[in-house]
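Protein sequence lines correspond, in order, to chains F and Z.
Under the working numbering, the first residue of the first sequence is numbered 7, with each subsequent residue one higher.
Under the working numbering, the first residue of the second sequence is numbered 3, with each subsequent residue one higher.
We treat Cβ as the ideally placed atom computed from N, Cα and C, and that holds for glycine.
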Amino acid sequence: MNSPDLPIRAEFVYDPAALELGYTGQTLYVNVETGAVEARPVTEEMKRTFVGGRGFDLWLLWQAVHDATRWSDPENEIVISSGPCGGITQYPGSGKSIAATISPLTDIVIDSNAGGHFGPYLKFAGWDALELQGNATEEVIVLINGASGRVQLLAAPPDCPTDTHALGHWLNARFAESENERELLSFVTAGKGSEHSYMGCLNFSLYDRKRRDLRYKQAGRGGIGTVLRHKRIKALVVRARPFKGDSNQPADIDQLKATGAEMHREIARWDPVQNRMRSRGTAYLVQTMDDYDLLPVMNFQYGQHPDTPQINGDVWEQRYTQNLPDGCWYGCTVACAHAVDNYEVRTGPYAGTQVIVDGPEYETVAGVGSNCGIFDPDTILEINFYCDTYGIDTISFGTSLAFVMECYEAGILDRTMTGGLDLTFGNSAAALDLLHQIAQGEGFGLLFGKGVRKMKAHFAEHFGAEPAFLEDIGMEAKGLEYSEYLTKESLAQQGGYGLTNKGAQHDEAWLIFMDQINNQIPSFEDKAEALHYFPMWRTWFSLCGFCKLPWNDVVDPKNAEAEEPAKIPHHVENYVEIFSGVTGREVTADDLISMSESVYNFQRVFNLRLGKGRREHDAIPYRSAGPVTEAEYHSRQARYDRQLKEWLGLDPEAMGVDEKLAAHRAYRMEQYEKLIDAVYARRGWSADGIPSPETLRRLGIDYPEVLAVVKAQLPE
Amino acid sequence: MITINQRDELPWQAGMTVQEILDTMSYTFPRVIVSIDGVVVPHDKYAVTPVPDDADVRVIHLMAGG
Ligand code: SF4
Numbered sequence: 007m008n009s010p011d012l013p014i015r016a017e018f019v020y021d022p023a024a025l026e027l028g029y030t031g032q033t034l035y036v037n038v039e040t041g042a043v044e045a046r047p048v049t050e051e052m053k054r055t056f057v058g059g060r061g062f063d064l065w066l067l068w069q070a071v072h073d074a075t076r077w078s079d080p081e082n083e084i085v086i087s088s089g090p091c092g093g094i095t096q097y098p099g100s101g102k103s104i105a106a107t108i109s110p111l112t113d114i115v116i117d118s119n120a121g122g123h124f125g126p127y128l129k130f131a132g133w134d135a136l137e138l139q140g141n142a143t144e145e146v147i148v149l150i151n152g153a154s155g156r157v158q159l160l161a162a163p164p165d166c167p168t169d170t171h172a173l174g175h176w177l178n179a180r181f182a183e184s185e186n187e188r189e190l191l192s193f194v195t196a197g198k199g200s201e202h203s204y205m206g207c208l209n210f211s212l213y214d215r216k217r218r219d220l221r222y223k224q225a226g227r228g229g230i231g232t233v234l235r236h237k238r239i240k241a242l243v244v245r246a247r248p249f250k251g252d253s254n255q256p257a258d259i260d261q262l263k264a265t266g267a268e269m270h271r272e273i274a275r276w277d278p279v280q281n282r283m284r285s286r287g288t289a290y291l292v293q294t295m296d297d298y299d300l301l302p303v304m305n306f307q308y309g310q311h312p313d314t315p316q317i318n319g320d321v322w323e324q325r326y327t328q329n330l331p332d333g334c335w336y337g338c339t340v341a342c343a344h345a346v347d348n349y350e351v352r353t354g355p356y357a358g359t360q361v362i363v364d365g366p367e368y369e370t371v372a373g374v375g376s377n378c379g380i381f382d383p384d385t386i387l388e389i390n391f392y393c394d395t396y397g398i399d400t401i402s403f404g405t406s407l408a409f410v411m412e413c414y415e416a417g418i419l420d421r422t423m424t425g426g427l428d429l430t431f432g433n434s435a436a437a438l439d440l441l442h443q444i445a446q447g448e449g450f451g452l453l454f455g456k457g458v459r460k461m462k463a464h465f466a467e468h469f470g471a472e473p474a475f476l477e478d479i480g481m482e483a484k485g486l487e488y489s490e491y492l493t494k495e496s497l498a499q500q501g502g503y504g505l506t507n508k509g510a511q512h513d514e515a516w517l518i519f520m521d522q523i524n525n526q527i528p529s530f531e532d533k534a535e536a537l538h539y540f541p542m543w544r545t546w547f548s549l550c551g552f553c554k555l556p557w558n559d560v561v562d563p564k565n566a567e568a569e570e571p572a573k574i575p576h577h578v579e580n581y582v583e584i585f586s587g588v589t590g591r592e593v594t595a596d597d598l599i600s601m602s603e604s605v606y607n608f609q610r611v612f613n614l615r616l617g618k619g620r621r622e623h624d625a626i627p628y629r630s631a632g633p634v635t636e637a638e639y640h641s642r643q644a645r646y647d648r649q650l651k652e653w654l655g656l657d658p659e660a661m662g663v664d665e666k667l668a669a670h671r672a673y674r675m676e677q678y679e680k681l682i683d684a685v686y687a688r689r690g691w692s693a694d695g696i697p698s699p700e701t702l703r704r705l706g707i708d709y710p711e712v713l714a715v716v717k718a719q720l721p722e
Numbered sequence: 003m004i005t006i007n008q009r010d011e012l013p014w015q016a017g018m019t020v021q022e023i024l025d026t027m028s029y030t031f032p033r034v035i036v037s038i039d040g041v042v043v044p045h046d047k048y049a050v051t052p053v054p055d056d057a058d059v060r061v062i063h064l065m066a067g068g
């Protein structure tokens, strides 16, 4: 590896631990402010209760912060960990990294996962997790060199770029001697957009051998990139030791090979006739969501649009470079991490440059596309590229843009307030101007970059907007912008967004089909059970380093014969085998849920500790539950009128639109409150959403400091 | 009359197939499990499987989404 020839502010020499049963047995602590660097042991208790990944992130962060810590405080940390199965190559989707911090958008813990090579490489450099604390007084790079056993805190020189694609090339030139060397390096970076907004994302790199260039996968949600840049960290650089498929030193490599081979066959057989992830990636969902009236259009007002075919999966299949092994970790045969090569940038500081655009994925197409009335693929690519290189979350950007566009069309905003931007739906040029403003930290972009919740307060206070209307249409929960699904007709999915630990992200539970289309969970108890099982199940992926897509985006039709096909039991069994095969821990499918339940409840208590996490914080904007405006009502009038008759015994013929809207609102919000009651009861929480001491004891997280938080919140 | 997913109703017509029901309901998602009166229909037989009157048809869409 090249000696980067940068001023060394701190150095720590270590013995890179060999892995055993998926763990290195130590975590790395780096304080970028004081220069303190330490190795910390991973205890058996940590492994048993927190497993790894998000579990380790939360446990380490809990020790580091105070009750009053906010995102910008020096004691706030960014913690990154992959988990015990991260870095195996036998089973698809086994290379995720999970990052956590206290979020600038939500003031509670955010966790977000990413592909790319950093998490597994961190393990192959000798560390189960990385803690970054302190706010540096100068721009720094953290180098973790597993080959030489050295951690260095380096001063970044003035010519070191900030935006991800330029910085990646700079780092490669500085740190890699050869092509082989590049394959053993991975970076975590953000960008100028992260410096001036609260929606900064982290970019996790991988070196693409075929393209001979860097690719990036994003830990997008909740502003972790903002925290990275606030700490004045330009980049994290990890250099792995050379590794092989058995470098995790699993307990039973033959088991991993056998289970993996079966799954690879299933993918090869069924993906081409199912979702076609290998050619279209997650963008296949765009047309599906439109077909089912679930695609967010114009700030979640509508679920369909006649122009959707211009941005559907077929279009992206044409644009993506095909027949490349687009896995975001080795061995992933789902290989959905597609890219558009040789895209020529049209606007902004990199106009005229040819770049690789990673994606766009479904969330980006729906978020910055249909939800903003933009149906032009080139604009979506341009926004995708700039969001990535500026270090901005495409979901928060898209949902925030949709919000201000509706405000503009509703007359809440005008050009005097937007600095001259005409923010009508579909205005691609204005969308890009706004994005560049965020990166420059100027104009309306500066306010916009603070996200929907802060904009709502500003518009009400300074622009005379009606607060209640803003609350209805501003699509955020807990301060986190909604990801891109329409939930009005699925009560369970309203809970899937509202009853989360981190805010409105669908990765805890995606229940729309089960609930709205299949009608499989009609009662409150059914929905509560689903809102118990699926969040726990999906949390488990984040403990171990798995991607959730191979679980349910390609499935052998034999699954139809299963008792509970929605859980995809034969894939659950695969995970039992893989987890046992790596860690040597004999487990059952129920054990996986229990592991997650401990971590999930710990995160809920963490929210309580930070002053949130109660029932009032699980509220959702009304648009998530029903129609806000007359135009929305008219767009689905037959359905809404029928519901008034069937649900409430009302005669819609005898009602004005205002009365109908009011009747729907009262009914739907009452349903949501009843759902909360049922879910809390199922989760073992009080009516105010507080885990009971009995629940904490049952889950083995009744540590004195955890119990103390809960007891302080419960009535005597 | 045919009942879909214990909720929606479709008028029955002689010779109606599973595929025609999927088309009528705009069920375009490729990963569905179809059963008629509790018996699963193989996914490659949708176009040739007739649906009897008064059938209880379930079309279970498997989960998707990020
Ligand atoms: S399924 Fe797609 S996102 Fe998941 S690990 Fe594989 S390539 Fe990456």
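Whole-angstrom distance between residue j and residue i, CA atom to CA atom
i                 : j                 : result
Gln443 of chain F : Gly199 of chain F : 9 Å
Arg245 of chain F : Ser192 of chain F : 7 Å
His63 of chain Z  : Asn281 of chain F : 12 Å
Asn377 of chain F : Arg544 of chain F : 26 Å
Pro80 of chain F  : Pro22 of chain F  : 28 Å
Ala731 of chain F : Ala693 of chain F : An answer regarding residue 731 of chain F cannot be provided, because it is not within the stretch 7 to 722 covered by chain F.
Thr424 of chain F : Gly449 of chain F : 8 Å
Tyr639 of chain F : Leu667 of chain F : 7 Å
Val115 of chain F : Glu482 of chain F : 16 Å
Gly432 of chain F : Gly375 of chain F : 8 Å
Ile6 of chain Z   : Asp420 of chain F : 48 Å
Ala683 of chain F : Asn507 of chain F : A small correction: the amino acid at residue 683 of chain F is Asp; Ala does not occupy that position in the sequence shown. The straight-line gap from Cα to Cα measures roughly 16 Å.
Pro556 of chain F : Thr294 of chain F : 19 Å
Glu183 of chain F : Ile150 of chain F : 16 Å
Ala536 of chain F : Val19 of chain F  : 48 Å
Gln446 of chain F : Leu453 of chain F : 12 Å
Gln316 of chain F : Ala687 of chain F : 45 Å
Limits of the unbroken beta strand (DSSP E) element including residue i
i                 : result
Asp364 of chain F : Gln360 to Asp364
Pro541 of chain F : It is not in any beta strand (DSSP E) - Pro541 of chain F instead sits in the alpha helix (DSSP H) that spans Phe530 to Cys550.
Arg46 of chain F  : Val43 to Pro47
Asn565 of chain F : Unbroken run through Asn565 of chain F: none, as it is neither H nor E.
Asn580 of chain F : Unbroken run through Asn580 of chain F is the alpha helix (DSSP H), Pro575 to Thr589; no beta strand (DSSP E).
Val36 of chain Z  : Val34 to Ile38
Arg156 of chain F : Arg156 to Ala161
Gln139 of chain F : Ala135 to Gln139
His63 of chain Z  : Asp58 to His63
Ala120 of chain F : Val115 to Ala120
Ser211 of chain F : Leu208 to Asp214
Spatially closest choice to residue i from the options, by CA coordinates
i                 : options                                   : result
Leu212 of chain F : F:Tyr204, F:Gly206, F:Arg221 and F:Leu549 : F:Arg221
Gln139 of chain F : F:Leu34, F:Asp532 and F:Gly228            : F:Leu34
Gly155 of chain F : F:Ala24, F:Thr40, F:Glu83 and F:Ser285    : F:Ala24
Pro256 of chain F : F:Cys91, F:Gly121 and F:Leu419            : F:Cys91
Tyr581 of chain F : F:Lys554, F:Asp559 and F:Glu569           : F:Lys554
Leu177 of chain F : F:Val157, F:Ala153, F:Val148 and F:Met205 : F:Val148
Asp364 of chain F : F:Trp322, F:Ser118 and F:Phe381           : F:Trp322
Cross-chain neighbours of residue i in chain Z, by beta carbon under 9 Å
i                 : result
Pro571 of chain F : Ile35, Ile62 and Leu64
Amino acids of chain Z, ordered along the chain, whose beta-carbon sits closer than 8 Å to that of residue i
i                 : result
Glu477 of chain F : Those do not exist, as Glu477 of chain F stays about 26 Å from chain Z at its closest Cβ, beyond 8 Å.
Residue i: contacting residues in chain F (beta-carbon distance under 7 Å)
i                : result
Gln15 of chain Z : Per Cβ cutoff of 7 Å: no residues; Gln15 of chain Z is ~23 Å from chain F at best.
Val8 of chain Z  : Per the sequence shown, the amino acid found at residue 8 of chain Z is Gln instead of Val. Ordered by position in chain F, the residues that pass the 7 Å Cβ test against Gln8 of chain Z are Asn525.
Thr30 of chain Z : Thr294 and Asp297
Val2 of chain Z  : One cannot answer for residue 2 of chain Z here, as it falls past the ends of chain Z, which runs 3 to 68.
Closer than 7 Å at the beta carbon, the chain Z residues around residue i
i                 : result
Asp559 of chain F : Ala66
Gln280 of chain F : Pro32 and Arg33
Endpoints, the alpha helix (DSSP H) within which residue i is located
i                 : result
Gln443 of chain F : Ser434 to Gln446
Lys102 of chain F : Here Lys102 of chain F belongs to no alpha helix (DSSP H), and DSSP marks it neither H nor E.
Glu603 of chain F : Ala595 to Arg615
Where are the alpha helix (DSSP H) runs, 4 residues long or more, that stay fully inside the segment 641 to 706 of chain F, in chain order?
Complete alpha helix (DSSP H) runs here, min 4: 643 to 654, 663 to 689 and 699 to 704.
Could you tell me which uninterrupted beta strand (DSSP E) segments, each at least 3 residues in length, are contained entirely in the segment 316 to 350 of chain F, listed from first to last along the chain?
345 to 350
Quick one: complete alpha helix (DSSP H) runs, 4+ long, within the segment 388 to 432 of chain F?
400 to 415 and 421 to 424
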